[in-house]
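Reviewing the structure listed below.
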Amino acid sequence: MTVDVTNAAGGRPVRYTDATLAARAARVLRDNDTGAVITAAPRLYPHMWSWDAAFISIGLARLDVQRAIAELDTLFAAQWRNGMVPHIVFTENDAYFPGPDRWGTDAAPDGPRNVRTSGICQPPVHAIAVQRVLEIARRSSPNDRIDAERFARRIWPALYAWHRWLVEYRTPGSSGLVAIVHGWESGMDNSPRWDVPYDAVHPGAALPPYVRKDVRVVGDASERPTDREYDRYLWLIEEMRRAGYDQRKVVENSSFLVGDVFITALFAISCDVLIELGTEFGQPAEQVADLVDWAAKARAAVAGSCHSVSGMARDRDLRTSRWLDTQTIAGFSPLLCGGAPDDVQLRLLSLLDSDRWCGHPDLLAPVPPSVSPMRPGFNPRQYWRGPQWPVVVWVFSWAFERRGWHDRARKLRDGGIRLTDDGAFGEYYEPFTGEPLGSADQSWTAAVVLDWLCSE
66 MTVDVTNAAG
76 GRPVRYTDAT
86 LAARAARVLR
96 DNDTGAVITA
106 APRLYPHMWS
116 WDAAFISIGL
126 ARLDVQRAIA
136 ELDTLFAAQW
146 RNGMVPHIVF
156 TENDAYFPGP
166 DRWGTDAAPD
176 GPRNVRTSGI
186 CQPPVHAIAV
196 QRVLEIARRS
206 SPNDRIDAER
216 FARRIWPALY
226 AWHRWLVEYR
236 TPGSSGLVAI
246 VHGWESGMDN
256 SPRWDVPYDA
266 VHPGAALPPY
276 VRKDVRVVGD
286 ASERPTDREY
296 DRYLWLIEEM
306 RRAGYDQRKV
316 VENSSFLVGD
326 VFITALFAIS
336 CDVLIELGTE
346 FGQPAEQVAD
356 LVDWAAKARA
366 AVAGSCHSVS
376 GMARDRDLRT
386 SRWLDTQTIA
396 GFSPLLCGGA
406 PDDVQLRLLS
416 LLDSDRWCGH
426 PDLLAPVPPS
436 VSPMRPGFNP
446 RQYWRGPQWP
456 VVVWVFSWAF
466 ERRGWHDRAR
476 KLRDGGIRLT
486 DDGAFGEYYE
496 PFTGEPLGSA
506 DQSWTAAVVL
516 DWLCSE
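With our numbering, letter number 364 in the sequence shown gets 429, and the count goes up by one each step, no holes.
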């Protein structure tokens with residue numbers, strides 16, 4: 066059964082009941098399953114993306130715990146020998162650019178063998194996914210519980226190595242923030258967070274020519290990053306190739322080096338989760354102690370980035386040693402991991418509730434957009450410059466639940482379901498009309514919606 070609701074502003078044709086929405090979400094995950102991986106989206110993203118796979122595994126666990134475990138196993142089979150989890154694991158599909166030949170990681174000394182990957186990473190949310198799969202399995206069946214516990218114990222060393230890589234190679238300087246060498250590593254590719262540091266990236270004449278494929282799939286180029294942005298994205302890849310993917314050289318020479326406060330907050334929480342899993346499953350005490358230290362330092366770095374007036378957390382341009390004051394959803398990072406003074410957190414909660422963010426009167430669903438609608442440069446249709454992203458809503462809802470803010474977590478969950486109840490499972494959404502944008506049938510959107518619905 067469906068309930069017909071027409072949105073005069075944007076024309077959302079239907080709202081599905083929870084049961085029907087859950088069935089549609091499950092179908093998306095099954096349709097996007099190649100048998101080896103769940104592709105991020107059937108047309109635009111025909112490969113495995115790192116943090117997509119983490120969220121996808123959570124939704125999969127609601128359907129098949131074994132399939133969820135297999136998805137994470139496939140991702141970590143592509144882990145680099147130095148510990149990095151690459152942001153893309155390529156399938157045989159060649160309908161995406163930049164593909165493996167452009168990345169040129171086949172000769173990288175630390176790269177995996179028998180699988181092709183990109184040469185950068187994405188946010189470290191995988192421990193969160195493992196714990197969530199374990200929680201779901203324990204409520205599913207005795208066999209699922211046994212299998213998930215074995216999996217959690219088995220994958221823990223790989224997760225620890227991944228976190229150690231972030232500490233060893235991506236915490237340069239004194240800020241304590243986890244650094245990124247490409248905006249794609251943040252997961253928020255063209256966010257205004259990166260405008261200033263990207264201005265310092267000057268593509269050279271040696272940039273090989275290229276033809277984009279994303280705009281042909283999406284159709285409306287205004288929803289995607291510009292060609293000028295893509296020139297910079299690809300030039301950074303050229304810099305990494307020239308460094309031979311030697312991680313120390315990459316950090317030393319990259320034109321783009323930014324302390325990412327959102328990743329740092331996720332790293333702190335993920336360390337906390339790994340501590341819990343490591344303690345439960347008897348992992349080495351010295352490695353658990355490392356995680357305790359890393360979590361504390363990351364949490365302190367997030368708190369230390371907060372603006373003295375607004376309270377919003379800030380990224381730091383490590384090339385110029387300057388704070389980046391662009392206010393985006395990442396500014397609420399202290400609410401994810403804690404650690405900031407109580408008055409700062411209260412200020413941030415009040416701001417999140419205000420008409421600058423979730424309380425804006427014209428939002429279809431009261432969940433945070435990627436940029437405040439009241440900020441200059443807000444674009445309700447362009448990728449990370451204004452649209453709402455269900456997966457980010459899930460992250461905040463999950464973190465709020467973990468922190469004991471149950472009412473806030475429920476409101477975000479309900480708002481996320483309202484945003485996606487047209488059943489299109491868009492990559493992101495226009496905040497005022499609820500129009501799905503980017504790619505349709507996006508796997509991680511379907512996965513988090515399924516998790517929300519099954520949690521009710």
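For every residue, glycine included, the Cβ atom is placed at its ideal position computed from N, Cα and C.
Runs of the alpha helix (DSSP H) lying entirely within the region 136–199, each at least 4 residues long, are 165–168 in chain order. In the DSSP annotation of this structure, the continuous segment of the beta strand (DSSP E) that includes aspartate 380 starts and ends at 380–382. Counting along the chain, the unbroken alpha helix (DSSP H) around tryptophan 227 starts and ends at 207–234. A distance of 8 Å or more separates the beta carbons of valine 243 and phenylalanine 162. Sorting Leu414, Glu157, Ala133 and Asp390 by C-alpha distance to the C-alpha of proline 399 places Leu414 at the top. Across the set Asp285, Leu401, Phe397 and Gly309, the C-alpha of Leu401 shows the shortest separation from the C-alpha of aspartate 337. Assigned with DSSP and collapsed to three states, alanine 90 falls in helix. In this structure, tryptophan 249 sits away from glycine 148, with a CB-CB distance that is not shorter than 8 Å.
For tyrosine 298, the enclosing alpha helix (DSSP H) covers residues 292–307. The region 358–378 makes no contact with the region 428–438; the number of CB pairs closer than 8 Å stays below 3. Under DSSP, leucine 389 forms a beta bridge with Asp380. A contact is defined here as three or more CB-CB pairs under 8 Å, and the region 179–191 meets this definition with respect to the region 138–158. Just measuring C-alpha positions, the residue of Phe490, Glu500, Gly503 and Trp422 sitting nearest leucine 477 is Trp422. Per DSSP, reduced to three states, the secondary structure at arginine 80 is strand. Assignment of valine 323 by DSSP, reduced to helix, strand and coil, places it in the strand class. With fewer than 16 other beta carbons inside 10 angstroms of its own, methionine 439 counts as exposed. Cysteine 186 and proline 441 have their C-alpha atoms spaced approximately 30 Å apart. Scanning its chain for C-beta atoms nearer than 6 Å, with the 5 sequence neighbours on each side dropped, one finds around glycine 238 the residues Leu383, in chain order.
The C-beta distance from serine 504 to alanine 106 rounds to 4 Å, short enough to fall under 8 Å. Assignment of tryptophan 359 by DSSP, reduced to helix, strand and coil, places it in the helix class.
DSSP places proline 274 in the coil class of the three-state scheme, outside both helix and strand.
Leaving aside the five residues that flank serine 437 on each side, the residues in its chain whose CB is nearer than 7 Å to its CB run, in chain order, Gln392, Arg421, Trp422 and Phe443. Below 8 Å, too few C-beta pairs join the region 194–201 and the region 255–274 to call them touching: fewer than three. Per the C-alpha coordinates, the member of Leu301, Ser287 and Leu356 positioned closest to tyrosine 263 is Leu301. Contact between leucine 502 and arginine 446 holds: CB atoms are separated by about 6 Å, below the 8 Å threshold. For the region 241–265, the continuous alpha helix (DSSP H) assignments of 4+ residues that do not extend past its boundaries occur at 260–264, in sequence order. In this structure, DSSP gives aspartate 98 an extended state, which the three-state scheme calls strand. Residue pairing of isoleucine 103 in beta bridges, as defined by DSSP: Asp98. For glycine 481, the enclosing alpha helix (DSSP H) has its first and last residue at 471–485.
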